[in-house]
Structure formats: structure tokens, C-alpha cells
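K.L.:
Chains as they are written, first to last, in our numbering: chain V, 5 to 291; chain E, 19 to 269. For each residue, glycine too, the CB sits at the ideal point set by N, CA and C. None of the values given here were measured: they were computed from a predicted structure. This is the structure, below, for whatever I ask next.
See the structure below:
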């Protein structure tokens, strides 16, 4: 399996997307932007369709389009007279509809469009990997540099603003990072499922950890395992790779949810392990 | 040292052509604690945001340490701010130490990592949370969480401390502890404090001066008795709920 070049590229792309999405996901979840991430992944389709129509790299047009939409959403949510979820609902459905109309005018669009709807990690090219590495790396560096102000804004935006931090600028930067990540992820898992990778790994980390540093670590671990596990399942069972990646991520979250220290207190687990066992006569004896 | 830390001179503030604050004048000096009381929607939070520089007055002048806060982020850095009770989820993955460190962001360029650590530990000690420094913020009681947020406001050693309903949602015992702590900080650090509160009994216990805000502001030099007399005279700040704690405390 590993001898094939397209499998090697898929594994590399899966690992890179797993790491990128998992880090971005932590801020998406903490800032309660899950719906915005979903809206952006759908809105990216409008840009992808434009790229296919004009025969430009759809990742670039999708990225530009999603970034523009993300700024509009960020502007409306900070200054607008329309509620944030309403503006996201309008923007993403309008962008998606525009994408479908544009795709209707594009020759041979069905195969291409479906590859962006549901993703195809096995079709990742060398050029895709270079774009993924460059843009994804830039997003990770930006978030690493801004992680403390971002945490402050996620935790208490009013206090962050009062302290003199450039909250609006950081807010727009976060939205841009999410938009770029969405577009890079669309190639792997598709428009429909991209937002899942921007939520589930961080939700898994938050179930298991109480400090953001370990949340990021668990989130990254969960994202990479989901990508690798999903790819392996896709190969073995001959099922779509995007869906299998998201299903593995969901299974990991279900496990974390079930065994979260928040729900299964460690003290209870310890107690259960130390509970005296009863012998045949019904007398207790220490385990 | 400045004799006046914060000065508002006949300040008017409007939102969408609706006047929220009208002709408000106020002075806050070092070591002074001013309580701000008034009904919901009276403009108390607007008053604090105007002092910070987040809102621009339509008329009048605001100065903090002699400068206009809307034009100077350096001035904002001299202000410690505790907003109305934060709405962070109980599972937010930060420790008390992380929360207090947030108060140094945007202010700490000249401080070394070691001095930042020392400042965080000192702030935690000042609010009695040194033993909880590594605890997740969501696992603390409401009173402890407010003390952690107070430490965040204090960590950069501000000249002015603005508190927006710091004891809202706390039980009486936690409220009493918080105000005791505030008195200690006021007397030991010389910081000027402006504290918004709904609980007139509690705020008058610690405040040197009470400002009653209901669009405009009335200043009461001898807080409790005079405040009540003024209500009976029919001030625009009339607020039925103020009477209740007076009765409760045997007034």
C-alpha cells in the first residue's frame, strides 16, 4: 500500500491537514465559531466553482472567496445589525447557490464538483502538497504567535479590548486563518465535511484535558489519528476517504466523551479498581 | 503623582442618537474608591467604557492621567478593568495562572519572563489564590473566580481600577470577602477604584463616595444617609431596590 506514490502523498496530506485543522479547531471551539466554520466551508464552494469556470487553481479562488466571506461575517458579527448566525446562514447559502449556478456553466463540471463536494485525498498532487505546506505553515505560525491574545479574546473579549489589544485585527486574522484552513481541507474531505475537522478534534481534546496546551496536543493527536485511520479504513473497505476520516474523528470523540474525567471522575475509577472483591463465602478481601 | 487620576468634565455619551450619559462630571483620585450605583440601563457600564476610551463622548472631556483615553492605548494600559461577570464556559481550558497572565498582554513588552512570573504570583497572593494558582478556572467557586479576574486586572499594577458589578451572582459571604479584599487593595496600593454595583449596602460599606448614575450623575459625599435622603427628595436616580438593603441592614 505504501509503495504507491499517491498513497504517500495522501498520507502526507492527511497528516498536514490533521495537524492544521486540529490547532485551528481549538480556537474555533473556544470562540464558539463552529457554525461560522461550517458556513465558510460551504461558502468556499462558490470560489471553487469560479476557479473551475475560469480554469484557475480552485484552491486559490476558493481561498480568496472564503477569506472575503469570512471578513464579511466577521464585520457583521462585530458591527452589524444582523445576528451572527443569521448572517452566516445567508452568506453560506448564497455563496453555495452562486457556486452551483457557476458550475452549471462549466464544461465537465460534474466530476470536478463532486471531488470538491466530498473530497478525494487520493487525488492530492505534489503541487497541492506544496500549497498545503506553505499556506498551512503560515496559518500555524500566525496562530502560534497570537495564541495568548487569542485565548484572552476567547475567554473575555471585553477585558481584552479594554486592555488595549487590537481585538478587531486579531478577530479578522482568526477568521482569515479559518477560511484558509477550510479551503485547504476541502480537497481532502470536501465542502460538506470540512467543518467537521474544524470542530471534532478540539472537542475531543476539551473532553480529556483542562489546560489549553494539552488540549492542543490531544486535538492534534486526534486529528492525525483520524486522518491516518480514516485513510486506512478507506483503502481497506473501499469507502470514500473524507467520510471515513470524519467517522474516525467522531468515534474518537465518542470515546473521549465516554471516558472523560469530567464525567467519570478519576476518584471513582480509582475507587472501582480498589473495591474489595468478595470470595465464594461472601467475605470481602482486598484486591 | 497626579492628584486626579480620572476626570470627566460635563461628558455626554450617545448611542444611535439616544443619549445614555448626560452632563456627567466626576473626579477620581489616588487611593479613592468611588461606588457607582443606579438602575439597569442607567449608563453605569457606559460610564466605565467611556473612561477606558472604548466609547467616545459626544460632548465634554475625559482624561485619564491627564490624557485622552480614546487617543492613547498607553493610557488604557494604566487601567485595570474587571468587566461584568464573564460568560466563559466552566470547561474553558485555562488555569488561574493563565487567567492572571492575560492581564499582562499588551502591557508587558519591557518586562522579562521572570518579572512577569513574579507579578503573576504577587497578584495571586494579593487576592488569596496562591494555593489555587494551577487550578482550572472552571473548578473554582464563583467568589474565587471573581478574585482571579480581579488579580488579572491588578497584575500590571494599574493606577486606576474599574470594576463592573464585581459581586453580581455571588452569595453574601463571597461578596463580603470580595469587598474586604477591595478595601485592603485600596489602602495598600493607592490605586484609584471606580466600582459599579447594584448592592448599595455593600458598596457604601467600602466607598469613600457614591455616584448615583441614571443618565446623569449625582455625587454623594456622605454615602449612605445622604443617598437615601436624596432619594426621598425625588432624585432622578430613584430606584426601589436600593431601599431594600437599607431596611435589611436595620436602616
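Using a Cβ-Cβ cut-off of 7 Å (strictly less than) and excluding sequence neighbours within five positions of residue 96 (chain E), which residues of its own chain qualify?
P.N.:
Closer than 7 Å at Cβ, skipping near neighbours: 82, 83, 176, 177, 178.
K.L.:
Straight-line CA distance for residue 252 (chain V) to residue 148 (chain E)?
P.N.:
When rounded, the distance between both Cα atoms is 42 Å.
K.L.:
If contact means a Cβ-Cβ distance below 7 Å, which residues of the segment 140 to 174 of chain V contact chain E?
P.N.:
Hits within the stretch, in order: 152, 153, 155, 156, 159, 160, 162, 163, 165, 166, 167, 168, 169.
K.L.:
Residues of the segment 209 to 241 of chain V in Cβ contact with chain E at a cutoff of 7 Å, in chain order, please.
P.N.:
Those would be 210, 213, 214, 215, 216, 219, in chain order.
K.L.:
Note down, in chain order, all residues in the segment 18 to 46 of chain V with a beta-carbon under 8 Å from any beta-carbon belonging to chain E.
P.N.:
Under the 8 Å Cβ criterion, the segment 18 to 46 of chain V contributes 34.
K.L.:
Could you tell me the distance, in whole angstroms, from the CA atom of residue 163 (chain V) to the CA atom of residue 97 (chain V)?
P.N.:
Going from the Cα of residue 163 (chain V) to the Cα of residue 97 (chain V) covers about 34 Å.
K.L.:
What residues in the segment 114 to 140 of chain E bring their beta carbon closer than 8 Å to a beta carbon of chain V?
P.N.:
Listed by position along the chain: 116, 117, 119, 120, 121, 123, 124, 125.
K.L.:
Kindly indicate the opening and closing residues of the beta strand (DSSP E) around residue 123 (chain E).
P.N.:
It is not in any beta strand (DSSP E) - residue 123 (chain E) carries neither H nor E in the DSSP assignment.
K.L.:
For residue 206 (chain V), which of V:258, V:142, V:138 has the nearest alpha-carbon?
P.N.:
Per the Cα distances, V:258.
K.L.:
Between residue 70 (chain E) and chain V, is any beta-carbon pair separated by less than 7 Å?
P.N.:
Answer yes: the Cβ-Cβ gap between residue 70 (chain E) and chain V drops below 7 Å somewhere.
K.L.:
Under 8 Å by Cβ, that's how I've got residue 91 (chain V) and residue 73 (chain V) pegged, so tell me the actual separation to the nearest angstrom.
P.N.:
Not really, about 10 Å apart at Cβ, beyond 8 Å.
K.L.:
Would you please state the rounded distance, in angstroms, between the beta carbons of residue 45 (chain V) and residue 199 (chain V)? I believe it to be under 8 Å.
P.N.:
That belief holds up - the Cβ atoms of residue 45 (chain V) and residue 199 (chain V) are roughly 4 Å apart, short of 8 Å.
K.L.:
Taking contact to mean at least 3 C-beta pairs separated by less than 8 Å, is the segment 222 to 241 of chain V in contact with the segment 23 to 35 of chain V?
P.N.:
Segments in contact, yes.
K.L.:
Compute the Euclidean distance between the alpha carbons of residue 219 (chain E) and residue 194 (chain E), then round it to the nearest angstrom.
P.N.:
The alpha-carbon atoms of residue 219 (chain E) and residue 194 (chain E) are separated by roughly 11 Å.
K.L.:
What is the DSSP secondary structure of residue 289 (chain V), reduced to helix, strand or coil?
P.N.:
Confidence in residue 289 (chain V) is poor, its pLDDT being 44 and thus under 50, which makes the residue's placement unreliable; the coordinate value appears in the next sentence. The answer is strand: DSSP assigns residue 289 (chain V) an E or B state.
K.L.:
Please report the distance separating the alpha-carbon of residue 17 (chain E) from that of residue 43 (chain E).
P.N.:
Residue 17 (chain E) lies beyond the stretch modelled for chain E, which goes from 19 to 269, so this question has no answer here.
K.L.:
Who are the Cβ neighbours of residue 49 (chain V) in its own chain at under 6 Å, not counting the five residues just before and after it?
P.N.:
Within the same chain, residue 49 (chain V) has close Cβ partners 100, 103, 195.
K.L.:
Please report the Cβ distance between residue 215 (chain E) and residue 183 (chain E), rounded to the nearest whole angstrom; I am assuming they are in contact, meaning their Cβ atoms lie under 8 Å.
P.N.:
The Cβ separation is near 6 Å, so the contact holds.
K.L.:
In chain order, which continuous runs of the beta strand (DSSP E) of length 3 or greater are located wholly inside the segment 41 to 65 of chain E?
P.N.:
Segments of the beta strand (DSSP E) lying fully in the segment 41 to 65 of chain E: 51 to 55.
K.L.:
Three or more beta-carbon pairs under 8 Å between the segment 63 to 83 of chain E and the segment 173 to 184 of chain V, yes or no?
P.N.:
With a cut-off of 8 Å, the segment 173 to 184 of chain V and the segment 63 to 83 of chain E do not count as touching, because too few Cβ pairs lie within range.
K.L.:
Is it buried or exposed, residue 204 (chain V), if we count other Cβ atoms within 10 angstroms and call 16 or more buried?
P.N.:
Buried, by the Cβ-count rule.
K.L.:
Any Cβ of chain V within less than 7 Å of the Cβ of residue 241 (chain E)?
P.N.:
Confidence is the limiting factor: at residue 241 (chain E) the pLDDT is only 49, short of 50, which leaves the residue's position unreliable and the question unanswerable from this model.
K.L.:
At 3 residues or longer, what runs of the beta strand (DSSP E) sit wholly inside the segment 52 to 91 of chain V?
P.N.:
Listed in chain order, nothing qualifies, since the segment 52 to 91 of chain V has no complete beta strand (DSSP E) run of 3 or more residues.
K.L.:
Give the DSSP-derived three-state secondary structure of residue 85 (chain E) in the structure shown.
P.N.:
In the structure shown, residue 85 (chain E) sits in a strand (DSSP, three-state: E or B).
K.L.:
Between residue 12 (chain V) and the rest of its own chain, which residues show a CB-CB distance below 7 Å, the 5 nearest in sequence each way excluded?
P.N.:
6, listed in sequence order.
K.L.:
Mind pulling the beta strand (DSSP E) runs of 3 or more residues that sit fully within the segment 89 to 164 of chain E?
P.N.:
97 to 100, all fully within the segment 89 to 164 of chain E.
K.L.:
Kindly indicate the opening and closing residues of the beta strand (DSSP E) around residue 210 (chain E).
P.N.:
From DSSP, the beta strand (DSSP E) with residue 210 (chain E) extends over 210 to 214.
K.L.:
I think residue 46 (chain E) touches residue 208 (chain E), with their Cβ atoms under 8 Å apart; what is that distance to the nearest whole Å?
P.N.:
That belief does not hold up - the Cβ atoms of residue 46 (chain E) and residue 208 (chain E) are roughly 12 Å apart, past 8 Å.
K.L.:
Measure from the C-beta of residue 196 (chain E) to each C-beta in chain V and report whether the shortest distance is under 7 Å.
P.N.:
It does not; no Cβ of chain V falls within 7 Å.
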